[in-house]
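The next block holds one structure in the form of structure tokens; read it before the comments.
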Amino acid sequence: MKRIAVLGMPNTGKSTFFNRFTGATASIGNWAGITVDLMMANLTLAGIPTEVIDLPGIYDLRGFSQDEIVVQTFLESTPLHLVIIILNTAQLDRQLSLALQIKHLQLPAVLLLNMADEAPKFGVKVEADKIAQHLQMPVIPMSAKYGGGYEAAVEAITQSLQHQTQPICVPDLTDRLPSNAQLISELDTILHAAVHVADQQQDVLTTRLDRVLLHPVLGLPLFFAAMYLMFQVVYALGTPLQEVLSNGLDWFKTVALEPALANLPPFLKGFLIDGLYDGISTVAAFIPVILLFFFCMAIVEDSGYLARSAFLMDALMERLGLDGRSFVMSLMGFGCNVPAIMGTRVMRSPGLRMLSMLVIPFSLCSARLNVFIFMTTALFTPQVAPLVLFSLYLFSFAAALITALLFKGHFPNKDPLILELPPYRFPTVKQILIRSWSEVKHFLRWSNRFIIAGVVIVWLLNNLPPGVPPASAETFSGMIGQAMQPLLAPLGITSQLAIALIFGFIAKEIVLGGLAVIYGTSTDASLGSTIAHQIDWVQAYSFMLFTLLYVPCLSTVAVLKTESKSAKFAALAVAWSIALAWITSFLFYQGARLLGL
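The following block contains the structure:
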């Protein structure tokens, strides 16, 4: 087994190349001795079993951010047969220094000049053979997005791998790096000989779009309008697809599963069908919604618009003790809070990082999205439901802003924002599908750790002790729900909903599966109808607000503790989220009732 590391700066298409290079074989795993999970894949190159590791994007091997320290530690401790360096062809004046550092470490490497198809738009012409002579490594222009030059890149990687028999690691890495003066001297030499830039050349499309999308007055309204449009698309297309899958799962239960298990004892049959199958299938029915959500987010991110949202929000974020990067991490938290919190490692300021980690859990993650789409479909008309869903995203932003305002004095930040805005690009359908499906697989792997155990426990609580009516006040779940009523009744949250909230602390995916088990129904239509007959829209919205804001899932709490290296910080995040959730739901529910709603 030979080992390759993929290294590059952020926004160079490194992940796009990694996905094309490894196909669907990539997975996220923990690397021994490293404090961060890395993307890894196994493949065969010319008959050689090869392991490929995608390292975090960094700007410099001397850096002090968490991601840069991770890369330093990896190169110092992990023997490698080859390093693949990914740089943006149009930005070699700022990026070639990373390749020079790898050269001085005497690591075997291949340099891929990505986005070579975009370079002419910026008047950049590169002589790859001259760069190869200076760096003493193969240099291949390519486009990871469209595949131009990809075969030549794979051939260069394979040949280099065949010639490298012994792996190399670099102990005391920083001591072996050249001085900044030496790097600058070599970089001017190479740029003068091999990189030619036309005067006053620019991307006309990017310039024209930025005049509108980065307008000081229109920029933010246009951004929120784009987000609202995205939620409309997710709701309009995702809900019918979810209903089709839900009906299919219910058909399978009726036609195949129930007859196959008909001879089992009633308790075991109920456990397998009403507990395990109903709970898991209710969550699984929302896979089309999650896929569509990540599909839309991939378009926003890969087009270059996500980086601009950070620029637009930076002035506001600065007043809150945050910056544009915090806003981007919060947006990424719409998928899952866990990787978004881990993404704060790129921040050098400890105060900025801690405050960002405190606000990210209020991002409306995909697990909460399942619950909200179900509840809005059940209790609101198709015309009103998207507006309700969008309002929850606005509450998510508001909770983050309030938290930042209250706690910014405890986590001071003096780190200025340095942000590079990539040109606007049209991502390919294949690229978007690969990214969105990868996110869905991650969602399924992450949620399945908890869903099965959660719905099983909820079903057992709902059916024990023996001899009492299921889901009644005499069951364990009924007792727990009644015990929570003094706390949750002022919010309009019933005892049944309270049980789902309790287990939602483990994983928010369990909330929906738990409701299916508690109400004893599998199809989303019948479950929604049952809930709609027991609570009104004010109670439903109060429940959704509490679900949005209260304690993040167990995995998020664990990551908060790990990343902050402080159990007190994780406890603060939990306590504050519960308090904010209760206050917000209380004010909404009691205020609505006072208004006669």
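Numbering (our numbering), first residue to last: 6 to 602.
We put the CB at the ideal spot given by N, CA and C, even for glycine.
Can you give the Cα-Cα distance for residue 342 and residue 132, rounded to whole angstroms? 43 Å
Less than 8 Å separating the beta-carbons of residue 585 and residue 565? no
Does the region 178-186 come close enough to the region 56-69 that 3 or more CB-CB pairs lie under 8 Å? yes
Apply the 10 Å Cβ neighbour rule to residue 47 and answer buried if 16 or more other Cβ atoms are within range, or exposed otherwise. exposed
Please classify residue 256 as buried or exposed, where buried requires at least 16 other C-beta atoms within 10 Å of its C-beta. exposed
If you draw a straight line from the C-alpha of residue 227 to the C-alpha of residue 218, how long is it? 7 Å
What are the boundary residues of the beta strand (DSSP E) that includes residue 13? 7-13
Counting only the same chain and skipping the five closest in sequence on each side, list residues whose C-beta sits under 8 Å from that of residue 301. 235, 238, 239
Own chain, CB closer than 7 Å to residue 146, minus 5 neighbours either side, in chain order: 94, 118, 121, 131, 133, 154
Could you tell me which uninterrupted alpha helix (DSSP H) segments, each at least 4 residues in length, are contained entirely in the region 237-281, listed from first to last along the chain? 271-275
Return the residue from the list 559, 368, 398, 441 that minimises the CA-CA distance to residue 233. 398
On the DSSP letters alone, give me the boundaries of the alpha helix (DSSP H) that residue 72 sits inside. 71-82
Residue 515 and residue 548 - do their beta-carbons sit closer together than 8 Å? no
Any heavy atom of the ligand FAD within a distance shorter than 7 Å of the CB on residue 510? The ligand FAD is not among the ligands present in this structure, which contains no ligands whatsoever.
If distances are taken between C-alpha atoms only, which option among 471, 485, 573, 10 comes closest to residue 272? 471
Closest Cα partner of residue 1 within the set 597, 15, 72: This structure leaves residue 1 out entirely; the chain is present only between 6 and 602.
Per DSSP, what kind of secondary structure is residue 118 in: helix, strand or coil? strand
Cβ neighbour criterion (16 or more within 10 Å) applied to residue 492: exposed
Contact defined as beta carbons within less than 8 Å: I believe residue 504 pairs with residue 486. What is the distance between those atoms, to the nearest angstrom? 5 Å
The region 395-412 in contact with the region 368-385 per 3-pair CB rule at 8 Å: yes
Kindly indicate which three-state DSSP category residue 492 falls into: helix, strand or coil? helix
DSSP three-state label for residue 34, please. Confidence is the limiting factor: at residue 34 the pLDDT is only 48, short of 50, which leaves the residue's position unreliable, though a coordinate-based value still follows. Correct three-state label for residue 34: strand.
Note down, in chain order, each residue of its chain lying with its Cβ closer than 8 Å to the Cβ of residue 285, except the 5 sequence neighbours on either side. 456, 457, 460, 518
With a 10 Å radius around its C-beta and 16 neighbouring C-beta atoms as the bar for buried, classify residue 253 as buried or exposed. exposed
CA-CA distance, residue 465 and residue 598? 35 Å
I need the straight-line Cα distance from residue 449 to residue 389, nearest angstrom please. 30 Å
Label residue 268 either buried or exposed according to how many other C-beta atoms from any shown protein chain fall within 10 Å of its C-beta, with 16 as the threshold for buried. exposed
DSSP three-state call for residue 93: helix, strand or coil? strand
Can you name the start and end residues of the alpha helix (DSSP H) that residue 217 belongs to? 209-218
Proximal residues to residue 409 (C-beta, below 7 Å), its chain only, five neighbours per side dropped: 325, 326, 327, 360, 364
I'd like to know whether the C-beta atoms of residue 52 and residue 15 end up nearer to each other than 8 Å. no
Residue from 282, 356, 221, 379 whose Cα sits closest to the Cα of residue 295: 379
Kindly provide the ranges of any alpha helix (DSSP H) runs that are 4 or more residues long and lie completely inside the region 382-429, ordered along the chain. 390-412
Beta bridge counterpart(s) of residue 49 as assigned by DSSP: 54
Would residue 144 and residue 137 qualify as a contact pair, given that the criterion is a beta-carbon distance under 8 Å? yes
Alpha helix (DSSP H) containing residue 504: first to last residue? 500-509
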